[in-house]
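One structure is given here, and the rest of the page talks about it.
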Amino acid sequence: MVNMSEVVAARLRHMGVDRVYGTPGLAVDPLVDALRGAPGGPAFVQARGEESAALMACADAKLTGGLGCCVAPPGAGALRLLGGLYDAAADRAPVLALVGADPAPRGTGNRTVRHLAEVSVYCEEVSGPELAGDALRRAARAAVTDRGVASLVVPRRVLEADLPGAPPGEDGALIPARPARRPAADDVRRAAEALCGAARPVIVLGNAGRAAAGAATGVARLLGAGIVTTALARDALPDGLPYLAGVAGPLGSEAAATLLRECDTLLLLGAEDVDPAVLPAPRAGRIVTVDREPGDCPLAAGVAAVRLTGDVTACLRAVLPLLHRAGQRAWRNRVERLVRDWRADGEARSSRYFGTSVNPRSVVAELSERLPDRSVVVTDSGTALDWWTRHLRLRNGMRSLLSGQLGTPGAAVPYAVAARFAAPDRPVIALVGDGAFQSGGLNELITVRRHLDRLAQLPPLVFCVLNNGDLNRLTWQRRAAARDPLVPPSAEVPALPYAELARLAGLPAVRCDRPRFVASVWAGVLAGRGPVVLEFVVDGEMPPDWAEAGTAARGTGRNASRNPLAKLLRVPG
1 MVNMSEVVAA
11 RLRHMGVDRV
21 YGTPGLAVDP
31 LVDALRGAPG
41 GPAFVQARGE
51 ESAALMACAD
61 AKLTGGLGCC
71 VAPPGAGALR
81 LLGGLYDAAA
91 DRAPVLALVG
101 ADPAPRGTGN
111 RTVRHLAEVS
121 VYCEEVSGPE
131 LAGDALRRAA
141 RAAVTDRGVA
151 SLVVPRRVLE
161 ADLPGAPPGE
171 DGALIPARPA
181 RRPAADDVRR
191 AAEALCGAAR
201 PVIVLGNAGR
211 AAAGAATGVA
221 RLLGAGIVTT
231 ALARDALPDG
241 LPYLAGVAGP
251 LGSEAAATLL
261 RECDTLLLLG
271 AEDVDPAVLP
281 APRAGRIVTV
291 DREPGDCPLA
301 AGVAAVRLTG
311 DVTACLRAVL
321 PLLHRAGQRA
331 WRNRVERLVR
341 DWRADGEARS
351 SRYFGTSVNP
361 RSVVAELSER
371 LPDRSVVVTD
381 SGTALDWWTR
391 HLRLRNGMRS
401 LLSGQLGTPG
411 AAVPYAVAAR
421 FAAPDRPVIA
431 LVGDGAFQSG
441 GLNELITVRR
451 HLDRLAQLPP
461 LVFCVLNNGD
471 LNRLTWQRRA
481 AARDPLVPPS
491 AEVPALPYAE
501 LARLAGLPAV
511 RCDRPRFVAS
521 VWAGVLAGRG
531 PVVLEFVVDG
541 EMPPDWAEAG
551 TAARGTGRNA
561 SRNPLAKLLR
571 VPG
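Heads up: the sequence shown is residues 1 to 573, going by our numbering.
Here's what the structure looks like:
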């Protein structure tokens, strides 16, 4: 006899699931117990809350490229799980959610199923143990092939059932690969013609096109094109490329925005996650898109001159032999000059200070100078995201994770915890503001503490807390809307001693409030091993680039001395 929960654990292992993140509860305890006792995995990682568990599963899927998995009890547990599942759904990360079943009042149906169905590409309640194996395969296949959340609601009686017959893991539990689409030869020819006719081409590399990053650089070299990326594809190419202009988006790179304004031809590669609002107005015959599926294109029907559908790398390789080298370098020179000037401006901004206050830009700039090879850098939303966009310089082999479409506050710490378990040989650094750290991040330090004996032997796991006592992104949005840098901070964050709290939890911690120590603190922390909370007390009056442009027109005259934009001094503390 084989217990159904043991069958589920074994089949998850055969599907390539190495970790299941979740919380225990009466309805799912048989599965949790089976995971904890499963020889060879998957390992059960208990989170402090269901939303964190789903965020961890999402981050695991993003980092590994495999299937993320989470488990939660029904009712309130399922509702709390939804916050993280929506993050996975928005960023199209394959996540399998296994949720207990709640007793439904007669005639109302299962409320858990109804809630999960809204966020899932596949959702099913398993009515009997004999159906569980097939349901698990269908759900896993849907999550991987449709790149989204698949939910299974499994009653406790099913998880507790004993089955005769086959040992766990049989029945072909591996997830089959979907056959790759191939673009039509005529479409490939028309795409090449459109690109060869470009005078000012720009490539937009999206998350679904990250595997084609190498081919994209080949196209860029041939055509003299610039490349911009979406936030989720930020780590697909090394930042040292002279024609890589950073992230495209409302809060992205000024160099990227300039290229998109000036280009005459766009090549969108797996750019389903790009904001169409940042793209230039469509020009006849001047937009080529390459997407895995017809429905993935972010543009309205009829906007693109040519749409190639299929494996993005294969499509590009089909187009490449038909391209010819750009005859003149005027546009490429313009691209490289924009990128060079943008980077130099970023270096200058990161060296500015208000007296002895720590410039938050310098925190990320100094980190960039010292990033160990193969690091994983996680960022939260808020101004941490602005400094990540502006000052982080990634090299080949490095990864970066974030909540892309939703910008879920507090996602960075669960993401970093999952990255540590998924990549135990890589350094992991999380950039998180104090507001986001209070939004669940502090709780997940308990998870880190629980595994401290093991984690202390691994490469550094750094939780970098940017403490400015304010929801700083919100403050600068309000200042930009008012076009006035003197609008007072409007979203105060309660003051907490983050380094001290970490020490109380039994974790190493460092606090830095002086500019002259930023570099040495980073050097010391990154040379160590294991988890550490690194608190920087930073200046909340340092505006992001997008806010500075919107507020610079005000705060002059008799108030100029109080205008933070007029007082940016190159004076080290």
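For each residue, glycine too, the CB sits at the ideal point set by N, CA and C.
This one's a predicted model, so the numbers in the text were calculated from it and none came from an experiment.
Item	Value
Identity of the residue in A208, I203, G84 and P250 nearest Y243 by Cα	I203
N563, buried or exposed, once every other Cβ within 10 Å from all chains shown has been counted against 16	Low per-residue confidence applies at N563: pLDDT is 39, beneath 50, and the placement is therefore not dependable enough to give any value.
Reduced DSSP secondary structure (H/G/I, E/B, other) of S368	helix
Inter-residue Cα distance where the pair is P531 and A212	34 Å
Per DSSP, cross-strand counterpart(s) of C69	L96
Spatial distance of G218 from L195 (CA atoms)	13 Å
Among A215, P201, T383 and R329, the one whose alpha carbon lies nearest that of A314	A215
Helix, strand or coil at Q477 according to DSSP, with G and I counted as helix	helix
Neighbourhood of L367 by C-beta, 6 Å cutoff - its chain only, sequence neighbours within 5 removed	W522
Alpha carbon of R11 to alpha carbon of A78, nearest angstrom	23 Å
Sequence ranges, alpha helix (DSSP H) only - wholly within the stretch 244-301, length at least 4	254-262
Cβ-based burial, S520 [other Cβ within 10 Å; buried from 16]	exposed
Where D102 sits in the DSSP three-state scheme	coil
Separation of P250 from L406, as counted between CA atoms	14 Å
Same chain, Cβ closer than 8 Å to A192, five either side skipped, listed in chain order	V319, L322 and L323
Anticipated Cβ contact below 8 Å, L237 with T229, distance rounded	7 Å
Three-state class that DSSP yields for A173 in the structure shown	Legend: pLDDT at A173 = 45, less than 50; position of this residue unreliable, value from coordinates given subsequently. Of the three classes helix, strand and coil, the one that applies to A173 here is coil, per DSSP.
Limits of the beta strand (DSSP E) - the one that S400 falls within	R399 to L401
6 Å CB neighbourhood of S151 in its chain, flanking five on each side removed	A97, L116, S120 and C123
Local Cβ density within 10 Å of V17, reported as buried at 16 or more and exposed below that	buried
Sequence-distant residues of its chain with Cβ nearer than 8 Å to R340 (five each side left out)	P242
Residues of its chain near M1, where Cβ-Cβ distance is below 8 Å and the 5 sequence neighbours each way are ignored	D162, L163 and P164
Buried or exposed (CB count within 10 angstroms, at least 16 for buried), Q328	exposed
Outcome for D373 when other beta-carbon atoms lying within 10 angstroms are tallied against a minimum of 16	exposed
Sheet register partners of L534 (DSSP bridge)	C464 and V510
Bounding residues of the beta strand (DSSP E) (the contiguous stretch that carries A430)	V428 to G433
Cβ separation of D425 and P459, assumed to be a contact under 8 Å, to the nearest whole Å	7 Å
Environment of L385 [buried if 16+ CB atoms lie within 10 Å]	buried
Whether A88 touches V149 by CB criterion (8 Å)	yes
Endpoints, the alpha helix (DSSP H) within which G40 is located	It is not in any alpha helix (DSSP H) - G40 carries neither H nor E in the DSSP assignment.
C-beta contact flag for D380 and L431 at 8 Å	yes
Proximity of P485 and P414 at Cβ, strictly below 8 Å	no
D470 in three-state terms, based on DSSP	strand
Contacting residues, own chain, Cβ-Cβ under 7 Å from P129 (five flanking each side not counted)	M4, V158, A161 and L163
Cβ pair count under 8 Å reaching 3, the stretch 502-514 against the stretch 345-352	no
Boundaries of the alpha helix (DSSP H) in which Y353 is found, first to last residue	Note, Y353: premise wrong, no alpha helix (DSSP H); not H, not E.
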